[in-house]
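Asks: Numbering (my numbering), first residue to last: 219 to 509. For each residue, glycine too, the CB sits at the ideal point set by N, CA and C.
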Amino acid sequence: MFDLKPLNRPRVSVVTPVLNEDESLRALHRDLDRLLGDSLFEFIVVHSPRSSAKTRETCGELAKRDPRVRVIEQRDNPGVGRAFREGYAIATGDPILSVDSDGEMEAEAVPKMLAKMIEGNHGLVVGSRWAPGGGFVGYSRLKKPLNLMFQRLFGLLFQTKIHDLTYGFKLTRGEVVRSIEWEATLHEIGCETTLKPIRLGVSVAEVPTIWTARMSGRSSNRFSSNFRYVKTALAILFKGVRITREFARSDQSLAEFASEPRSRSVPGRPSRESNAAESNRFAEIARAADS
Ligand SMILES: Nc1nc2c(ncn2[C@@H]2O[C@H](COP(=O)(O)OP(=O)(O)OP(=O)(O)O)[C@@H](O)[C@H]2O)c(=O)[nH]1
Ligand SMILES: [Mg+2]
Numbered sequence: 219m220f221d222l223k224p225l226n227r228p229r230v231s232v233v234t235p236v237l238n239e240d241e242s243l244r245a246l247h248r249d250l251d252r253l254l255g256d257s258l259f260e261f262i263v264v265h266s267p268r269s270s271a272k273t274r275e276t277c278g279e280l281a282k283r284d285p286r287v288r289v290i291e292q293r294d295n296p297g298v299g300r301a302f303r304e305g306y307a308i309a310t311g312d313p314i315l316s317v318d319s320d321g322e323m324e325a326e327a328v329p330k331m332l333a334k335m336i337e338g339n340h341g342l343v344v345g346s347r348w349a350p351g352g353g354f355v356g357y358s359r360l361k362k363p364l365n366l367m368f369q370r371l372f373g374l375l376f377q378t379k380i381h382d383l384t385y386g387f388k389l390t391r392g393e394v395v396r397s398i399e400w401e402a403t404l405h406e407i408g409c410e411t412t413l414k415p416i417r418l419g420v421s422v423a424e425v426p427t428i429w430t431a432r433m434s435g436r437s438s439n440r441f442s443s444n445f446r447y448v449k450t451a452l453a454i455l456f457k458g459v460r461i462t463r464e465f466a467r468s469d470q471s472l473a474e475f476a477s478e479p480r481s482r483s484v485p486g487r488p489s490r491e492s493n494a495a496e497s498n499r500f501a502e503i504a505r506a507a508d509s
């Protein structure tokens with residue numbers, strides 16, 4: 219269903235949720251500006267109304283310094299899932315980068331993700347902690363085996379070879395983000411934004427990446443989120459994926475998927491075309507980031 223046009227000129231919309239982050243948010247903006255250059259189209263910060271005065275000040279400073287920075291206060295609270303959805307709703311670029319602002323996600327992987335997306339004309343490229351070359355630094359010893367169990371289980375259920383199906387770090391084509399009805403409210407957004415595209419047959423690839431525990435601030439991810447992951451995955455598997463009305467209107471053959479809550483999955487038709495020049499540029503950036 220997603221016959222994506224080649225990504226000739228990437229205009230990356232960054233969407234990042236913020237709850238009491240300061241230095242890590244500044245570092246994310248600095249790193250993405252350096253790594254993406256002109257391809258960084260906008261940097262959307264969705265900050266929680268529960269954020270500290272210092273965080274608000276940091277957001278204000280970034281917006282003042284860089285006109286590409288757009289700061290919005292989350293309307294529907296609390297939750298990372300809601301924050302991402304509010305950011306997606308106003309993002310106008312293509313592709314859209316989903317990334318946390320707590321310094322745990324590896325900005326250096328982004329040019330590689332972009333290169334991979336352009337090369338294979340993928341609808342989604344996920345950062346993968348479980349692919350060879352990926353990994354964890356400072357992850358909870360309790361959460362790690364549980365996370366691996368989810369990967370194996372979801373991999374089997376969704377019949378995919380992608381190694382990391384729950385990580386929130388990813389690059390998604392604008393059309394894919396705008397076509398799917400997102401429902402997650404909390405941390406399960408990380409698996410929803412990967413499993414729904416897979417269920418719809420979107421072409422998905424992965425880039426190995428290292429997760430590194432935050433240096434400051436606090437996680438709001440409770441252990442109970444793990445159960446939400448399972449609930450989300452099973453709902454996607456058995457109830458299917460709802461398409462936005464706007465998207466269905468633009469493609470009448472999909473109208474049934476917009477109105478029918480128990481829609482079935484639609485096989486994807488990823489285009490094989492790619493833009494070699496743009497891809498080479500990002501492959502170069504990726505090599506430079508490696509060295
Ligand atoms: N806008 C907004 N941002 C949030 C909210 N909760 C967390 N965040 C941000 O979302 C990102 C992820 O939150 P964390 O609580 O660290 O969750 P996580 O990284 O998935 O979980 P850990 O693996 O435990 O670190 C961080 O950048 C937080 O600042 C929220 O309710 N609203
Ligand atoms: Mg975190």
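Return the chain-ordered list of same chain residues with a C-beta closer than 8 Å to the C-beta of R480, the five sequence neighbours on each side being excluded.
Replies: Residue confidence is low: R480 scores 38 on pLDDT, short of 50, so the model does not pin down where it sits. No coordinate-derived value is stated.
Asks: Do D312 and R229 have their CB atoms nearer than 9 Å?
Replies: Against a cut-off of 9 Å, the Cβ pair of R229 and D312 comes out as a contact.
Asks: Say the cut is 8 Å; is the CB of E239 nearer than that to a heavy atom of ligand 1?
Replies: E239: yes, Cβ under 8 Å from ligand 1.
Asks: Going along the chain, which residues put their C-beta within less than 7 Å of some heavy atom in ligand 2?
Replies: That gives D318, D320, E322, R432, S437 and N439.
Asks: With a floor of 3 residues, list each beta strand (DSSP E) that falls wholly inside the region 365 to 439, ordered by position along the chain.
Replies: 388 to 390, 422 to 426 and 428 to 430, all fully within the region 365 to 439.
Asks: Rounded to the nearest angstrom, how far is the Cβ of L243 from that of S319, given a contact under 8 Å?
Replies: That pair is a contact at about 4 Å.
Asks: Compute the beta-carbon to beta-carbon distance between G345 and A245, rounded to the nearest angstrom, for a pair I have assumed lies under 8 Å.
Replies: The Cβ separation is near 17 Å, so there is no contact.
Asks: Which residue marks the beginning of the alpha helix (DSSP H) containing V328, and which one marks its end?
Replies: Per DSSP, V328 belongs to the alpha helix (DSSP H) from V328 to G338.
Asks: Which ranges does the alpha helix (DSSP H) cover as unbroken runs of at least 4 residues, wholly within the region 254 to 299, from first to last along the chain?
Replies: Correct list: 271 to 283.
Asks: For a test of your reading of the model: does the CB of K361 fall under 8 Å from any non-hydrogen atom of ligand 1? Yes or no.
Replies: Answer for K361: yes, Cβ within range of ligand 1.
Asks: Determine which residues share a DSSP beta bridge with T310 and list them.
Replies: BP columns for T310 are empty, so no partner.
Asks: Could you tell me which of T462, Q377 and V232 sits nearest to A325, measuring between CA atoms?
Replies: The candidate whose alpha carbon is nearest that of A325 is V232.
Asks: With three or more beta-carbon pairs closer than 8 Å as the criterion, would you say the region 270 to 279 touches the region 352 to 368?
Replies: Segments in contact, no.
Asks: Leaving out five residues on either side along the sequence, give the residues of the same chain with a beta carbon under 7 Å from the beta carbon of P485.
Replies: A caution first: P485 carries a pLDDT of 39, below 50, which makes its placement in the model too unreliable to give a value.
Asks: Could you give the first and the last residue of the continuous alpha helix (DSSP H) run that contains F456?
Replies: Looking at the DSSP string, the run of the alpha helix (DSSP H) that includes F456 is S443 to K457.
Asks: Span of the beta strand (DSSP E) holding F220?
Replies: That residue, F220, is in no beta strand (DSSP E); it is neither H nor E in DSSP.
Asks: Just confirm the distance between the C-beta atoms of I398 and K388, as a whole number of angstroms; I'd bet it's less than 8 Å.
Replies: So it is not a contact: roughly 13 Å between Cβ atoms.
Asks: Quick check: is any heavy atom of ligand 1 less than 8 Å from the C-beta of N295?
Replies: Result yes, Cβ under 8 Å from ligand 1.
Asks: Quick one: residues in its chain with C-beta nearer than 8 Å to the C-beta of R417, no 5 flanking neighbours on either side, listed in chain order?
Replies: If we look at R417 and ignore the five residues flanking it on each side, its Cβ neighbours are F376, I454, L455, G458, V459 and S483.
Asks: Out of curiosity, what's the CA-to-CA distance linking E279 and V289?
Replies: Cα-Cα distance, rounded: 10 Å.
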